[in-house]
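*Asks:*
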Amino acid sequence: MAVAANLGFPRIGARRNLKWALEGYWKGAVDPEELQATAADLRRRHWLLQKSLGIEHIPSNDFSLYDHVLDAATLIGAVPKRFGWASETVGRAVYFAMARGAGDIAPLDMTKWFDTNYHCLTPEFEPGMKYRLASTKPIDQFREAASLGIHTRPVLLGPLSLARLGRCKAKLKPWTLIERWLPIYEEVLWRLAHAGADWVQIDEPALALDLPPEALSVLESACARLSAASDRIRVCLTTYFGGLAENLPAVLKMPVAAVHLDVVRAPEQLDVALNALPQGTMLSLGVVDGRNVWRTDLDGALTLLERAAARFGSDRLLIAPSCSLLHCPMDLDDEPSLDAELKGWMAFAHQKLKEVAILVRGINEGRSAVADSLAASRKALADRANSPRLHNPAVRRRLAMIDADMLRRRSPYPQRRELQRRRFSLPLLPTTTIGSFPQTLEVRKARAAFKHGHWSVDRYETFCRSEIERSVRFQEEIDLDVLVHGEIERADMVEYFGEQLDGFAFTHNGWVQSFGTRCVKPPVIFGDVSRPQPISVRWSQYAQSLTPRPMKAMLTGPITILQWSFVRNDQSRRDTAMQLALVVRDEATDLEAAGIGMIQIDEPGLREGLPLRHDAWSDYLTWAVDAFRLASSGVRDETQIHTHMCYAEFHDILESIAALDADVLSIEAARSNMELLGAFSQFRYPNDIGPGVYDIHSARVPEIEEIIGRLRKAMQTIPVEQLWVNPDCGLKTRGWPEVQASLRNMAEAAKSLRRTMGR
Ligand code: GLN
Ligand code: ZN
Numbered sequence: 000m001a002v003a004a005n006l007g008f009p010r011i012g013a014r015r016n017l018k019w020a021l022e023g024y025w026k027g028a029v030d031p032e033e034l035q036a037t038a039a040d041l042r043r044r045h046w047l048l049q050k051s052l053g054i055e056h057i058p059s060n061d062f063s064l065y066d067h068v069l070d071a072a073t074l075i076g077a078v079p080k081r082f083g084w085a086s087e088t089v090g091r092a093v094y095f096a097m098a099r100g101a102g103d104i105a106p107l108d109m110t111k112w113f114d115t116n117y118h119c120l121t122p123e124f125e126p127g128m129k130y131r132l133a134s135t136k137p138i139d140q141f142r143e144a145a146s147l148g149i150h151t152r153p154v155l156l157g158p159l160s161l162a163r164l165g166r167c168k169a170k171l172k173p174w175t176l177i178e179r180w181l182p183i184y185e186e187v188l189w190r191l192a193h194a195g196a197d198w199v200q201i202d203e204p205a206l207a208l209d210l211p212p213e214a215l216s217v218l219e220s221a222c223a224r225l226s227a228a229s230d231r232i233r234v235c236l237t238t239y240f241g242g243l244a245e246n247l248p249a250v251l252k253m254p255v256a257a258v259h260l261d262v263v264r265a266p267e268q269l270d271v272a273l274n275a276l277p278q279g280t281m282l283s284l285g286v287v288d289g290r291n292v293w294r295t296d297l298d299g300a301l302t303l304l305e306r307a308a309a310r311f312g313s314d315r316l317l318i319a320p321s322c323s324l325l326h327c328p329m330d331l332d333d334e335p336s337l338d339a340e341l342k343g344w345m346a347f348a349h350q351k352l353k354e355v356a357i358l359v360r361g362i363n364e365g366r367s368a369v370a371d372s373l374a375a376s377r378k379a380l381a382d383r384a385n386s387p388r389l390h391n392p393a394v395r396r397r398l399a400m401i402d403a404d405m406l407r408r409r410s411p412y413p414q415r416r417e418l419q420r421r422r423f424s425l426p427l428l429p430t431t432t433i434g435s436f437p438q439t440l441e442v443r444k445a446r447a448a449f450k451h452g453h454w455s456v457d458r459y460e461t462f463c464r465s466e467i468e469r470s471v472r473f474q475e476e477i478d479l480d481v482l483v484h485g486e487i488e489r490a491d492m493v494e495y496f497g498e499q500l501d502g503f504a505f506t507h508n509g510w511v512q513s514f515g516t517r518c519v520k521p522p523v524i525f526g527d528v529s530r531p532q533p534i535s536v537r538w539s540q541y542a543q544s545l546t547p548r549p550m551k552a553m554l555t556g557p558i559t560i561l562q563w564s565f566v567r568n569d570q571s572r573r574d575t576a577m578q579l580a581l582v583v584r585d586e587a588t589d590l591e592a593a594g595i596g597m598i599q600i601d602e603p604g605l606r607e608g609l610p611l612r613h614d615a616w617s618d619y620l621t622w623a624v625d626a627f628r629l630a631s632s633g634v635r636d637e638t639q640i641h642t643h644m645c646y647a648e649f650h651d652i653l654e655s656i657a658a659l660d661a662d663v664l665s666i667e668a669a670r671s672n673m674e675l676l677g678a679f680s681q682f683r684y685p686n687d688i689g690p691g692v693y694d695i696h697s698a699r700v701p702e703i704e705e706i707i708g709r710l711r712k713a714m715q716t717i718p719v720e721q722l723w724v725n726p727d728c729g730l731k732t733r734g735w736p737e738v739q740a741s742l743r744n745m746a747e748a749a750k751s752l753r754r755t756m757g758r
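Residue numbers are given in numbering that gives the first Met the number 0: position 593 of the sequence shown equals residue 592, and the series is strictly consecutive.
1) Please give me, in chain order, every unbroken run of the beta strand (DSSP E) with length at least 3 that falls completely inside the segment 646 to 692.
2) To the nearest angstrom, report how far apart residue 446 and residue 440 are at their CA atoms.
3) Roughly how many angstroms separate the alpha carbons of residue 220 and residue 68, rounded to a whole number?
4) The beta strand (DSSP E) with residue 502 in it runs from where to where?
5) Mark residue 400 as exposed unless 16 or more other C-beta atoms lie within 10 angstroms of its C-beta, in which case mark it buried.
6) Does the contact criterion of 3 or more C-beta pairs under 8 Å hold for the segment 241 to 249 versus the segment 207 to 223?
7) Counting along the chain, where does the alpha helix (DSSP H) carrying residue 360 start and finish?
8) Go through the segment 0 to 46 residue by residue and report every complete run of the alpha helix (DSSP H) that reaches 4 residues or more, in order.
9) Going by the CB atoms, is the gap between residue 480 and residue 430 shorter than 8 Å?
10) Going by the CB atoms, is the gap between residue 586 and residue 530 shorter than 8 Å?
11) In angstroms with no decimal places, state the Cα-to-Cα distance between residue 84 and residue 160.
12) The alpha helix (DSSP H) that contains residue 422, what's its start and end?
13) Is it right to say residue 682 is buried, meaning 16 or more other beta carbons lie within 10 angstroms of its own, or is it exposed?
14) Give me the residue from 405, 154 and 99 with the minimum Cα distance to residue 626.
15) Find out if the Cβ-Cβ distance for the pair residue 20, residue 33 is shorter than 8 Å.
16) Is the segment 143 to 155 touching the segment 635 to 654 in the sense that three or more CB pairs, one from each, lie closer than 8 Å?
17) Should residue 36 go down as buried or exposed, given a rule of 16 or more other Cβ atoms within 10 Å for buried?
18) Between which two residues does the alpha helix (DSSP H) holding residue 313 run?
19) What does the alpha-carbon distance come out to for the pair residue 620 and residue 58?
20) For a test of the three-state rule: what should DSSP assign to residue 451, helix, strand or coil?
21) Would you be able to state if there are at least three C-beta pairs under 8 Å between the segment 310 to 329 and the segment 2 to 13?
22) Check whether the Cβ of residue 643 lies closer than 7 Å to any heavy atom of the ligand ZN, and answer yes or no.
23) Is it the case that the Cβ atoms of residue 525 and residue 542 are separated by a distance below 8 Å?
24) At a cut-off of 7 Å, is residue 433 close to the ligand ZN when judged by its beta-carbon and the heavy atoms of the ligand?
25) Can you pull the DSSP bridge partners for residue 124?
26) Put residue 298 into one of helix, strand or coil per three-state DSSP.
27) State the Cα-Cα distance for the pair residue 135 and residue 564, rounded to the nearest angstrom.
28) CB-CB under 7 Å to residue 49, same chain, minus the five flanking residues each way: which ones, in chain order?
29) Would residue 1 pass as a contact of residue 568 if the rule is Cβ separation under 8 Å?
30) Taking the alpha-carbon of residue 433 as reference, which of 724, 127 and 23 has the nearest alpha-carbon?
31) Just the Cα atoms here: how many angstroms apart are residue 495 and residue 86?
32) Rounded to the nearest angstrom, what separates residue 115 and residue 292 at their Cα positions?
33) Candidates 639, 204, 341 and 119: which alpha carbon is nearest residue 412's?
34) Taking 7 Å as the cut-off, is the CB of residue 728 close to at least one heavy atom of the ligand ZN?
35) In chain order, what residues of the same chain lie with their CB nearer than 7 Å to the CB of residue 546, ignoring the 5 residues before and after it?
36) Need the endpoints of the alpha helix (DSSP H) that residue 484 sits in, please.
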């Protein structure tokens, strides 16, 4: 009999219960017992739910108070010295200090969890660390479930992925550490077996990355030791987020009881598995997409599973979502405002587990046992495919007409530069900001009042206008060269545009954890995207009317909208990106027609879109760059296009960033004290660039001298004629007092440098 399995369940709670409890706890308003009670209640509810849906391999230890990678680091006692940890186990204080910092002690860095929008902490491995079992969480939570009558399959982050996600101080090689961690893993398995566990899930998503050859041999010996840790416990080696490519045959032969493959992202893996899976190994097939919100094509999934069952017999089959459901909203039935038609096409975590259960029945009892469900799935799929809401012939026509000319500005950068210099006559080292100003409580309250109908349109517009005017006057007063309106009208840079576009839907409770207690509610792009009317033009136009200085308008770029949304799975990401690009292009040309001379198209999502495997990068970068160029090339040469990216690590995609051909690029640089500029010593960035001169992630006000120092550093690698002066990123999370002081110092620093240079 095939078995229904789940790899992980969303842990934040249907009403973000964990978020509120944690934030209350950090503020001292919630005591530790209350926090534990909330967490335990969520675990209990989620286990019971999974059981009621027919899942047999129910995960435990997938729950985390903050982050599962942090949990894995604390499990093995990888606590850096600066946290002053001296006890037997890692207590809550040290745990949260690693997550969030404590006073002067910096937290662990954050890094992206593979290609998802979830951010995990970066474990630090220091020389001399004494690895030992420092947390009993996996065993405790297994027992906790057992006491509720629920038998679970504990999940552990595998040693290979832990090593890969972590950072080594000094000359330690991460792979060589694994050897030292294995006794701890063995002990955990042994203890779990003792507590009654018969399976353990070892997650190794790192197998979907490019790996050095020795990684596989390290993994093989790890698997051998883990499988031998207890004869009562079996290991399911779990891979997801992509195909294993050339590593797949070796992974299938690992000495484990079962191997899980993501056959949503990489269906071609099935054939390899059918041929190469050794006799004694079970196959877990991830056939329900854990990364998206669409209903599964149950017919298609069943056909695939039937092939596996025909080859191996259903006894060797586990059926599961492709990956943990952490990246999915929880329950579609909890969406009062989505219309019935859309809902008919979708599935959240809850619904996806139902699908798993249906597929298991389909395999175990035959198609006829689930005929109704199959028919419903077929109908939903057909309805979706044929819905007029999906297809917009005008969008299709425009898409088909995109030609090379639409992907480039009229003249090359040097010519545009001259025209723009004449038009704007900016000083050397022009000063500007990234777009947003503080979203104060007052601003957020006003927006909420408007959204809930307590404020009239007029009242809200008047409020926004006065906020815009206030920030324009402030920028004039401190004498910035290029102004912004402050983005006061938008809560979120993707949602704001999505809400005004056709082809987008928004959920009410569709929260997905981003990191710690931070959750996002990604928009759903379900159909062809179009723009019924201009979106942001009147705000920029109003702001420009207040000042003779150039007003820079702010748009969110096509790749960032794509990356931060749930996207349709019935066409390529490229096609969706191109549709989004057309919309941004139209908005940009409308801004231009309204007299706006500078337009910033933000692309903080560009780098995160990079595929996990290097050999897929160039394809992605080609269409991503095309999408940006399509969005930005509708304007005249005299119109200055800016773009902004938040991250500092783009050494490896510098050429693509240059290929965007934005007139001005602003990037995060201050946090790493201009380290990224190293990349520019080898690669001569052709256009203007504003490396951030101060970090906006804290309230600290930078000194004038400090900013001058950074600018001087930047001038060593970038000709001063190309340099702009701006903060690292938008200022929406900051308060006005520090923003005023910081920007004043920034403007002063630029002036003082100009003076010393006699310009
Ligand atoms: N223009 C946006 C802002 O200033 C950019 C935000 C971002 O880079 N994430 O907030
Ligand atoms: Zn940014």
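Ideal Cβ positions, reconstructed from N, Cα and C, are used throughout, including at glycine.
*Replies:* Inspection of the coordinates gives the following:
1) As far as the segment 646 to 692 is concerned, its whole beta strand (DSSP E) runs of at least 3 residues are 663 to 666 and 687 to 690.
2) Going from the Cα of residue 446 to the Cα of residue 440 covers about 10 Å.
3) Those two C-alpha atoms are separated by around 22 Å.
4) That run of the beta strand (DSSP E) goes 501 to 504.
5) The Cβ neighbour count for residue 400, taken over all protein chains shown within 10 Å, is under 16; the residue is labelled exposed.
6) With contact defined as three or more Cβ pairs closer than 8 Å, the segment 241 to 249 and the segment 207 to 223 are in contact.
7) Where residue 360 is concerned, the enclosing alpha helix (DSSP H) stretches over 348 to 364.
8) The segment 0 to 46 is shown to contain whole alpha helix (DSSP H) runs of 4 or more residues at 16 to 26, in chain order.
9) Going by C-beta atoms, residue 430 is nearer than 8 Å to residue 480.
10) Yes. Within cutoff.
11) Their backbone Cα atoms lie some 24 Å apart in a straight line.
12) Per DSSP, residue 422 belongs to the alpha helix (DSSP H) from 412 to 423.
13) Residue 682 is exposed by the Cβ-count criterion.
14) Closest by alpha carbon: 405.
15) In contact: residue 20 and residue 33 (Cβ atoms closer than 8 Å).
16) In this structure the segment 635 to 654 does not lie against the segment 143 to 155, because fewer than three pairs of beta carbons, one per stretch, are closer than 8 Å.
17) Residue 36 sits exposed, since fewer than 16 C-beta atoms from the chains shown fall within 10 Å of its C-beta.
18) Segment: none, residue 313 is in no alpha helix (DSSP H) and carries neither H nor E.
19) If you draw a straight line from the Cα of residue 620 to the Cα of residue 58, it comes to about 37 Å.
20) Residue 451 carries a coil assignment under DSSP once its states are collapsed to helix, strand and coil.
21) The way I'd put it, the segment 2 to 13 does touch the segment 310 to 329; three or more beta-carbon pairs between them come closer than 8 Å.
22) Yes; taking the cut-off as 7 Å, the Cβ of residue 643 has a heavy atom of the ligand ZN nearer than that.
23) Contact flag unset, no.
24) Residue 433 Cβ: within cutoff of the ligand ZN.
25) Answer is 167, bridged to residue 124.
26) In the structure shown, residue 298 sits in a helix (DSSP, three-state: H, G or I).
27) In this structure, the alpha-carbon of residue 135 lies about 37 Å from that of residue 564.
28) Hits under 7 Å: 5, 8, 57 and 352.
29) Going by C-beta atoms, residue 1 is not nearer than 8 Å to residue 568.
30) Among 724, 127 and 23, the Cα nearest to that of residue 433 belongs to 724.
31) The straight-line gap from Cα to Cα measures roughly 48 Å.
32) Using only the alpha carbons, I get a separation of about 14 Å.
33) Comparing Cα positions, the closest option is 639.
34) At least one heavy atom of the ligand ZN is nearer than 7 Å to the Cβ of residue 728, so yes.
35) Only 471, 475 and 482 meet the Cβ criterion.
36) Following the DSSP letters along the chain, one finds residue 484 in no alpha helix (DSSP H), marked with neither H nor E.
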